[in-house]
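Here the structure is laid out as structure tokens; the discussion comes afterwards.
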Amino acid sequence: MAPTGSSLGKPSVLRCSRCGKFVDWREARLQVVCECRPKLELPPVTVREATERDREAVANLFLRDFGRTKIVAFGEVMSLAEGPALVADLNGELAGALGYRLREDALQIVALATEAEWQRSGVGGHLVAEAEALAKRLRLSKTVFCATNDNLPALYFYQRCGYVISEVVVGALIPLVPPGAPSGFAGIPPRDEIRLEKTLEPLEAPA
Ligand SMILES: CC(C)(COP(=O)(O)OP(=O)(O)OC[C@H]1O[C@@H](n2cnc3c(N)ncnc32)[C@H](O)[C@@H]1OP(=O)(O)O)[C@@H](O)C(=O)NCCC(=O)NCCS
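Sequential numbering from 4 applies to the sequence shown in my numbering.
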């Protein structure tokens, strides 16, 4: 998904998996790592549906990560501040959130963000798993998401969660990028919309 508005700069804060420092979206780099990376002992993550009381904190998290309150995804403008969301609590704090919309046959993940300090703690995985469980309970056949071509961390994360690319809208973002706008992840220009989906196994009928 792509932010809308006068700039496509993403002030998203990502956490370095080597040293733990936070890094700006454009300064971030990808790196191959092996099993040497530390396995952290972390408190349990609780995922639940967001309430009215969570709304402001969720909107602030999305605003911080995406730099916008509105995004374009699947050819539509969507508000990040509205609509249902799942939230992840860690130590009683908001650690991450997933905004979604219900379509005819799919749950559409509109946005997903983990607070930088809790990245690589399982928060994103728990949020996506709960979105998939919700979709199954609603008898929806799939969950869908779209990322911009530069968002390699998201493309990696979703494919690790079992998502497959269903469509690439080449050049979809070019008309949205104003001249001189900051580039995306690692300085890569956002150009294309990459749609991903996961087909869900139907819930077994109770015996
Ligand atoms: C993409 C994003 C949502 C992933 O969220 P996350 O909370 O870091 O995801 P997870 O912690 O579930 O998984 C990330 C990695 O941490 C690892 N991890 C999970 N728990 C861990 C632990 N206790 N110790 C060490 N590593 C752990 C996972 O195995 C996974 O790594 P792998 O796939 O290489 O095996 C997050 O990086 C983010 O908010 N990015 C910015 C916004 C964005 O781009 N959103 C997506 C587009 S809307």
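Note that the Cβ used here is the ideal one computed from N, Cα and C, for glycine as well.
- For Q111, the secondary structure class from DSSP, reduced to helix, strand or coil, is strand.
- A Cβ-Cβ distance of about 6 Å is found for the pair L83 and G102, placing them in contact under the 8 Å criterion.
- Distances from the CB of P46 to the heavy atoms of ligand 1 are all 6 Å or more.
- Scanning the segment 116-172 for uninterrupted beta strand (DSSP E) segments of 3 residues or longer gives 145-151, 167-172, listed from N- to C-terminal end.
- Between S186 and P192, the CB-CB gap stays under 7 Å.
- Residue state for G99 is assigned as strand, using DSSP reduced to three classes.
- Each of E196, E96, E85, L137 was checked against the Cα of L203, and the nearest Cα belongs to L137.
- I177 sits in a helix when the DSSP states are folded into three classes.
- In this structure, V48 lies near A91, with their beta-carbon atoms less than 7 Å apart.
- Taking the Cα of C39 as reference, the smallest distance to any Cα among E30, C22, A31, E52 is reached at C22.
- Excluding five sequence positions before and after R104, the CB atoms of its chain that fall closer than 8 Å to its own CB belong to M81, G86, P87, L110, Q111, V113, given in chain order.
- In this structure, the alpha-carbon of R32 lies about 17 Å from that of E120.
- Boundaries of the alpha helix (DSSP H) around A60: 58-69.
- Taking the Cβ of K42 as the reference point, at least one heavy atom of ligand 1 falls within a distance shorter than 6 Å.
- At a cut-off of 6 Å, the beta-carbon of G127 counts as near ligand 1: some heavy atom of the ligand is closer than that.
- Annotation for Q34 indicates a beta carbon at 6 Å or more from all heavy atoms of ligand 1.
- Distance from the CA atom of C19 to the CA atom of P41, rounded to whole angstroms, is 12 Å.
- A184 sits in coil when the DSSP states are folded into three classes, being neither helix nor strand.
- S82 is bridged by DSSP to K73.
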